[in-house]
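Read top to bottom, the protein sequences are chains G and P. The working numbering puts the first residue of the first sequence at 1, with every later residue one more than the last. The working numbering puts the first residue of the second sequence at 1001, with every later residue one more than the last. We put the CB at the ideal spot given by N, CA and C, even for glycine. Bear in mind that the values here come from a model prediction, so they are computed numbers and not experimental data.
There are 2 protein chains.
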Amino acid sequence: MPEKKKIDTKLTILEHGARLVHLNGYHNTGIKDVLLAANIPKGSFYFYFQSKEDFGLQLIDFFLGMNNEKTAQSLQNTDLKPLERLKVFYDDFLHFFEENECKLGCPIGNLSLELGDINETFRLRLRSGLDVMKNMIEECLKDAVKQNDIHPDISTSELAEYLVNSWEGALISMKASKSTQPLKIFDYMVFNVVLR
Amino acid sequence: MPEKKKIDTKLTILEHGARLVHLNGYHNTGIKDVLLAANIPKGSFYFYFQSKEDFGLQLIDFFLGMNNEKTAQSLQNTDLKPLERLKVFYDDFLHFFEENECKLGCPIGNLSLELGDINETFRLRLRSGLDVMKNMIEECLKDAVKQNDIHPDISTSELAEYLVNSWEGALISMKASKSTQPLKIFDYMVFNVVLR
Chain G
1 MPEKKKIDTK
11 LTILEHGARL
21 VHLNGYHNTG
31 IKDVLLAANI
41 PKGSFYFYFQ
51 SKEDFGLQLI
61 DFFLGMNNEK
71 TAQSLQNTDL
81 KPLERLKVFY
91 DDFLHFFEEN
101 ECKLGCPIGN
111 LSLELGDINE
121 TFRLRLRSGL
131 DVMKNMIEEC
141 LKDAVKQNDI
151 HPDISTSELA
161 EYLVNSWEGA
171 LISMKASKST
181 QPLKIFDYMV
191 FNVVLR
Chain P
1001 MPEKKKIDTK
1011 LTILEHGARL
1021 VHLNGYHNTG
1031 IKDVLLAANI
1041 PKGSFYFYFQ
1051 SKEDFGLQLI
1061 DFFLGMNNEK
1071 TAQSLQNTDL
1081 KPLERLKVFY
1091 DDFLHFFEEN
1101 ECKLGCPIGN
1111 LSLELGDINE
1121 TFRLRLRSGL
1131 DVMKNMIEEC
1141 LKDAVKQNDI
1151 HPDISTSELA
1161 EYLVNSWEGA
1171 LISMKASKST
1181 QPLKIFDYMV
1191 FNVVLR
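Rendered as structure tokens:
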């Protein structure tokens, strides 16, 4: 098989796998469901991935790549002040979840809860994934400190970790409530209390 | 079978099921694993539960019962001021997770992420579970308002929802980090920033 076709097919499997795992979880998604959705012949999975675990680990990178594209537009938009960028970042996700019936949540958070205790290889990759998100938020907070928009004594690293985690928790409640109200409460508390 | 023996056996199944589902998740726990752990003969499961879903729903009530016992000791200890009660509540859980190698997390949060999108019956029961936790925190916050320990203009309902969700998110990060640092950051932010 030509290398380009192999890469395209692998990407197709990852795209369909991402959608199914995002919605249904890792254990609840079978390889045959992914291949069926991707319209790829049964039995060819192991031509592209060594194992379901290898597929899952590559999915994490795929999710992070999707996330990076989405967040770069807001968090790195230097036309806006740092805290305005952060606001747009969360507003964009709020709209995404409004359009997606409050389903899905964050794939990195979902997989961390599902696999964090039972698979060390996944856990380490997922912690790196949370760090990617944390670091993007922290860069924005550091800019906010430079511009005197938040207090210089605050640890931007701890604040960024707190924001990432609190957002992940708001998504748990969103999924259980089928409402964006938990995200709106997060937004209110962050921009009117925490960052004041 | 005498009714008492039936109730005891059912409780034994729920206790072992709770431990396995808390650690491994719902889909990743088979009925046969639970029966093996509980030392109950195969095939007798359906004498106690109508289905795996019925078992899962009863597990949620079992988890909430465990949680109520644990939290009543702290959140309802009127020897302490309201915000001191809240601090003890979170400290008790911090110690629990230190002793449990940062595993498990909150069963209600775990199941909300795993099942919230794919099973409406579970979702509604899980949202009720989050509300039980939220209401306990809110009672404590209302007492704090009465004693002028937090600003009377704040919505105790929204603040309680925010605290429950942010804690759930800190547990995601704890599980991915295998460290209680996310819980300590939550504690610092809540008691030094949010509730100030």
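- Annotated as proximal: residue 1171(P) and residue 1105(P), with beta-carbon spacing under 8 Å.
- Within chain P, no residue has its beta carbon less than 7 Å from that of residue 90(G); the closest one is some 14 Å off.
- Straight-line measurement puts the Cα of residue 1179(P) at about 15 Å from the Cα of residue 125(G).
- Counting only the Cα atoms, residue 147(G) lies some 43 Å from residue 1123(P).
- In this structure, residue 1165(P) keeps its C-beta atom at 8 Å or more from the C-beta atom of residue 97(G).
- Under a criterion of Cβ atoms nearer than 8 Å, the residues of chain G adjacent to residue 1194(P) are, in order, 189, 193 and 194.
- Taking the CA atoms as reference points, residue 1110(P) sits about 17 Å from residue 130(G).
- Of the other Cβ atoms in all chains shown, fewer than 16 fall within 10 Å of the Cβ of residue 196(G); this residue is therefore exposed.
- In this structure, DSSP gives residue 17(G) a helical state, which the three-state scheme calls helix.
- Around the beta carbon of residue 1032(P), fewer than 16 other beta carbons lie within 10 angstroms, which makes this residue exposed.
- Of the candidates 1080(P), 1082(P), 1079(P) and 1072(P), 1072(P) places its Cα closest to the Cα of residue 1093(P).
- By the Cβ neighbour-count rule, residue 1134(P) is buried, with 16 or more other Cβ atoms within 10 Å of its own.
- Comparing alpha-carbon positions, the option among 1150(P), 1036(P) and 1112(P) lying closest to residue 1026(P) turns out to be 1112(P).
- Beyond the five residues adjoining it in sequence on each side, residue 62(G) comes within less than 6 Å, by CB distance, of 14 and 18 in the same chain, given in chain order.
- Residue 101(G) carries a coil assignment under DSSP once its states are collapsed to helix, strand and coil.
- Here DSSP, grouped into helix, strand and coil, assigns residue 90(G) to helix.
- Using a 10 angstroms sphere on the CB of residue 1058(P), the tally of other CB atoms reaches 16 or more, which defines it as buried.
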